[in-house]
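A short worksheet on the structure shown next.
Here it is, written out as structure tokens:
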């Protein structure tokens, strides 16, 4: 059994930002989210890679006590993505997406993972997200992410998944698109009507918002002077969030709020360097220290 | 002597938003800021109007215990502005600006106001802002606002004013423009180098940031489901901010943080209706209640 089950991608990224450039750097939603969760618990991932996936990258994930029983390796090339961030660092312009072996991904959850109580469904085809949910034996808390692409192409399937999860995670742009309103409060209210108990809207530098029935939490953004590469920040947020909750073994309002701050903290570190460079060296003491700073910047 | 001196405009606005339309509604930075400040102290304003300025509007301001000794009435038309907000409500598109009698405004501060200790210089020509500062006898705390237009046309004068105030108030777009960076932390650091002790960056729905030497405060935005008309919110923020500080008679870090929340609270009410309709009916009990909610939404 794993503490947290994470379904997503493991891949290679070509990233360019005003601060530099990396080619074939380790990336993918499951990589970022699992390393983020590893500060709190021992997560396991379900993902697929090709035979070009490097041992050193497998080793990096294993060194963080991430279970890789669910990482299928098949012949062919690993999923690869290329993107460029302009000066404002808000959104990457995708230069290429080579699905490669990801086309063979069937979201099969290994028997030893099916008892997982905390589950993060990273951004992927909602049909696969649904398939994962159906394989779970005792899910207590399912968090899902998605993206514009699925909102535009598979909205009906997406709505089915949303109805089955505890937390819908969206960024502000996605929330506005999915619910056809600029007002995030209105978007959240509509989202809650679809079934999830909680909706979290990520706003990048502006922090994150938690909505549930009649309650609202506003999490600050950590004030970073330099953002080298925001790739994976959303997944780090999700990984830190669910990792902390699984460690607590509690999903009450107070734990959820703290979990959002822990997620934000790990995400803020992640933005400080390319790929997983910063979070793979990050210590738990650094996480705790920044959590304290987040409290301080909100006190009045 | 007045508790808070406010220099700005009193005028008539034609405003259109997706929620309605108003013509010749009371507006202007000094109107909004002084009503906002009036929840805490008795402010006085220095502004100019024409002979078309309506008695009922003078009456409204007087009913809030706002001193109008500094409100000069001359023959001619009152300053008028027209703007339209699109669906996203972020920024008004100006349809007209008729300076009218504002062209005669000489920023003369009446003798009985010159001892004011708390001063808000609302957005206006930096040359006039400087002139006001020179007339003050015992300023303890000066807060200034500005706008893109002055950054683009009178940057040198603007920098001189900034060097003489305690607090520079900017919105995020202005901060990025003035300091030529997208990163608000970098912008704030540069701003502090110019002289002021504090920089506040207003981010609309995303709240506000306070920066001083080595300290940072992140104020949440109040979650409004409907924003009818954001006109004047920045001035309400400033008025509530300085009004609270003057009432406290203290400008320590703790008071400043609370003042930012009070400013945000009054601004959030202001957005709920057109012109000064909401804040002219607002009660202090409502302000206190929402202040409490602001505490609750950021607790973790």
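Protein chains in written order, with my numbering: chain A, 34 to 333; chain B, 34 to 333.
Glycine included, C-beta positions come from ideal geometry on N, C-alpha and C.
Just so you know, these numbers come straight off a predicted model, no measurement behind them.
Let me check understanding here. Comparing Cα to Cα, which of the options lies closest to residue i?
i, options, result
"residue 266 of chain A", "A:113, A:155, A:112", "A:155"
"residue 79 of chain A", "A:56, A:165, A:87", "A:165"
"residue 100 of chain B", "B:197, B:279, B:288, B:35", "B:35"
"residue 261 of chain B", "B:221, B:222, B:309, B:253", "B:309"
"residue 219 of chain B", "A:256, A:184, A:219, A:208", "A:256"
"residue 167 of chain A", "A:178, A:185, A:181, A:144", "A:144"
"residue 133 of chain B", "B:178, B:122, B:85, B:56", "B:85"
"residue 137 of chain A", "A:107, A:192, A:95", "A:107"
"residue 125 of chain B", "B:250, B:237, B:327, B:324", "B:237"
"residue 225 of chain A", "A:62, A:240, A:246, A:301", "A:246"
"residue 195 of chain A", "A:207, A:228, A:211, A:185", "A:228"
"residue 231 of chain A", "A:239, A:248, A:240", "A:248"
"residue 11 of chain A", "A:142, A:162, A:171", "The first residue shown for chain A is 34 and the last is 333, placing residue 11 of chain A beyond what the model contains."
"residue 77 of chain A", "A:297, A:83, A:42", "A:42"
"residue 181 of chain B", "B:169, B:328, B:161, B:205", "B:205"
"residue 333 of chain A", "B:306, B:293, B:299", "B:293"
"residue 153 of chain B", "B:276, B:90, B:298, B:83", "B:276"
"residue 287 of chain A", "B:329, B:296, B:307, B:295", "B:329"
"residue 297 of chain B", "B:95, B:251, B:169", "B:251"
"residue 327 of chain A", "A:50, A:307, A:278, A:239", "A:239"
What does the alpha-carbon distance come out to for the pair residue i and residue j?
i, j, result
"residue 58 of chain A", "residue 233 of chain B", "38 Å"
"residue 48 of chain B", "residue 271 of chain B", "21 Å"
"residue 313 of chain A", "residue 319 of chain A", "12 Å"
"residue 331 of chain A", "residue 222 of chain B", "19 Å"
"residue 131 of chain A", "residue 113 of chain A", "5 Å"
"residue 92 of chain B", "residue 98 of chain B", "10 Å"
"residue 235 of chain B", "residue 209 of chain B", "12 Å"
"residue 190 of chain A", "residue 159 of chain A", "6 Å"
"residue 187 of chain A", "residue 178 of chain A", "14 Å"
"residue 203 of chain A", "residue 127 of chain A", "19 Å"
"residue 290 of chain A", "residue 321 of chain A", "15 Å"
"residue 214 of chain B", "residue 121 of chain A", "9 Å"
"residue 74 of chain A", "residue 274 of chain B", "44 Å"
"residue 37 of chain A", "residue 119 of chain B", "44 Å"
"residue 135 of chain A", "residue 129 of chain A", "14 Å"
"residue 103 of chain A", "residue 39 of chain A", "9 Å"
"residue 87 of chain A", "residue 259 of chain B", "52 Å"
"residue 211 of chain A", "residue 284 of chain B", "44 Å"
"residue 304 of chain A", "residue 68 of chain A", "14 Å"
"residue 63 of chain A", "residue 82 of chain A", "12 Å"
"residue 162 of chain B", "residue 70 of chain B", "19 Å"
Using a Cβ cut-off of 8 Å, pull out every chain B residue sitting near residue i, in sequence order please.
i, result
"residue 219 of chain A", "258"
"residue 120 of chain A", "215"
Could you give the residue range of the alpha helix (DSSP H) that holds residue i?
i, result
"residue 304 of chain B", "No alpha helix (DSSP H) holds residue 304 of chain B; DSSP gives it neither H nor E."
"residue 272 of chain A", "266-281"
"residue 184 of chain A", "181-186"
"residue 168 of chain A", "159-168"
"residue 71 of chain A", "No alpha helix (DSSP H) holds residue 71 of chain A; DSSP gives it neither H nor E."
"residue 324 of chain A", "317-329"
"residue 310 of chain A", "Careful: residue 310 of chain A lies outside any alpha helix (DSSP H) and carries neither H nor E."
"residue 212 of chain B", "205-212"
"residue 155 of chain A", "Counting along the chain, residue 155 of chain A falls outside any alpha helix (DSSP H), and DSSP gives it neither H nor E."
"residue 218 of chain B", "217-226"
Kindly say whether residue i, judged by its beta-carbon, lies nearer than 8 Å to any beta-carbon of chain D.
i, result
"residue 290 of chain A", "Here the protein chains are A and B, and chain D is not one of them."
My guess is that residue i and residue j are in contact by the Cβ rule of under 8 Å, so how many angstroms apart are they, rounded?
i, j, result
"residue 217 of chain A", "residue 201 of chain A", "Residue 217 of chain A to residue 201 of chain A, Cβ: 13 Å. No contact."
"residue 53 of chain A", "residue 264 of chain A", "In fact, because the Cβ distance is near 12 Å, the residues do not count as touching under 8 Å."
"residue 105 of chain B", "residue 44 of chain B", "Not really, about 13 Å apart at Cβ, beyond 8 Å."
"residue 151 of chain B", "residue 173 of chain B", "7 Å"
"residue 66 of chain A", "residue 268 of chain A", "4 Å"
"residue 311 of chain B", "residue 324 of chain B", "Actually they do not touch by this definition, with Cβ atoms about 16 Å apart."
"residue 175 of chain A", "residue 142 of chain A", "Wrong, their Cβ atoms sit about 13 Å apart, outside the cutoff."
Mind listing the chain A neighbours of residue i? Cutoff is C-beta to C-beta under 8 Å, in chain order.
i, result
"residue 251 of chain B", "240, 253, 254, 256, 330, 331"
Identify the contact partners of residue i in chain B, using a Cβ-Cβ distance below 9 Å as the criterion.
i, result
"residue 294 of chain A", "333"
Run down chain A in chain order and give the residues with a C-beta less than 9 Å from the C-beta of residue i.
i, result
"residue 236 of chain B", "239"
Start and end of the beta strand (DSSP E) containing residue i?
i, result
"residue 128 of chain B", "125-131"
"residue 57 of chain B", "53-60"
"residue 92 of chain B", "Where residue 92 of chain B is concerned, there is no enclosing beta strand (DSSP E), although the alpha helix (DSSP H) it sits in stretches over 88-96."
"residue 177 of chain B", "174-177"
"residue 45 of chain A", "44-50"
"residue 105 of chain A", "100-106"
"residue 233 of chain B", "231-235"
Is residue i near the ligand SAM, judged by its Cβ being under 7 Å from some heavy atom?
i, result
"residue 319 of chain B", "Among the components modelled here there is no ligand, and therefore nothing to report on the ligand SAM."
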